[in-house]
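Residue numbers for the sequence shown follow my numbering, beginning at 1 and rising by one.
A virtual CB, placed ideally from N, CA and C, is assigned to each residue, including glycine.
If you're wondering where the values come from, they're calculated on a predicted model, not measured in any experiment.
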Amino acid sequence: MSKTAVKGTPAGTASQRRKDPSAARVSAGEPSADSALLAEETGFRLEAHNAYLIRLAHQRATQIFQTLFEGHAVTPTQFAVMATLVRFGEMPQNRLGKLTGIDTATLSPMVSRLTQLGHVHRTPSKTDQRVNLIGLTETGTRYTLELLPLSQEVSDRVLAPLKPRDRLRFIALLEQIIE
């Protein structure tokens, strides 16, 4: 008997569930015998999968960022661009993309938006007119410096469950993964 939807329900009708007890488990959110066996054979557990855990950690970091940056009209990636410019100064847009890990298709409109907000400027390179240099305006520099402590607070809260020595190790391990 098929365990697909019958009469609009995932496990079929009540009489079908009595005939096939696994159908009742499916409707209760329990795995069928077949899927439980397959999961056991493969050893797959989503809750232990590294990509899943990284995604959950990212969601937590994003939530903390949004809470702390509430009232500031800046996204995490916009802040990354401005913080990078505070640290390294004016640079070609392609280098900015490499340093921040932001692809050109995302970075170009983001730089346009930050330009409209008065935080960054685009200047043609004096040595190569095909290259745009991106830099912070005075307003952008002040704004970014004002936000740096909030960014550090985000980092502190994300890592708060870890012991101080584990925090450094965690960062080192993440750096290895992204190399």
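Endpoints, beta strand (DSSP E) assigned at residue i
i, result
"P124", "120–124"
The ligand SAM heavy atom lying under 7 Å from the CB of residue i
i, result
"P124", "By its list of ligands, the structure shown contains no ligand whatsoever, and the ligand SAM lies outside what it can speak to."
Reduced DSSP secondary structure (H/G/I, E/B, other) of residue i
i, result
"L133", "strand"
"R167", "helix"
"P161", "coil"
"A48", "helix"
"A73", "coil"
"E179", "coil"
"G8", "Residue placement at G8 is flagged as unreliable, the pLDDT there being 45, under the threshold of 50; the coordinate-derived value follows with that caveat. In this structure, G8 counts as coil in the three-state DSSP scheme."
"G140", "helix"
"E153", "helix"
"K3", "Confidence at K3 is low in this model, with a pLDDT of 45, below 50, so its placement is unreliable and the value that follows should be read with caution. If DSSP states are grouped into helix, strand and coil, K3 belongs with coil."
"T127", "coil"
"G101", "coil"
"E146", "helix"
Residue i vs residue j beta-carbon contact at 8 Å
i, j, result
"L85", "G135", "yes"
"V74", "L148", "no"
For residue i, the residue or residues it bridges with in DSSP
i, result
"M91", "I134"
Residue i versus the options, residue with shortest Cα-Cα distance
i, options, result
"I177", "P124, E47, I54, R45", "I54"
"S125", "E175, E90, F79", "E90"
"T144", "G101, S108, V120, N94", "V120"
"G118", "E153, Q152, M82", "M82"
"E138", "R95, L68, L114, K98", "L114"
"T106", "A80, E41, R130, T123", "A80"
"L174", "N50, R142, F69, E40", "N50"
"N132", "T104, G140, V154, T141", "T104"
Residue span of the alpha helix (DSSP H) that contains residue i, given as start and end
i, result
"L114", "104–116"
"S35", "33–42"
is_contact[residue i, chain C] using C-beta, thresh 8 Å
i, result
"L174", "Going by chain labels, chain C is absent from the structure shown, which holds only one protein chain."
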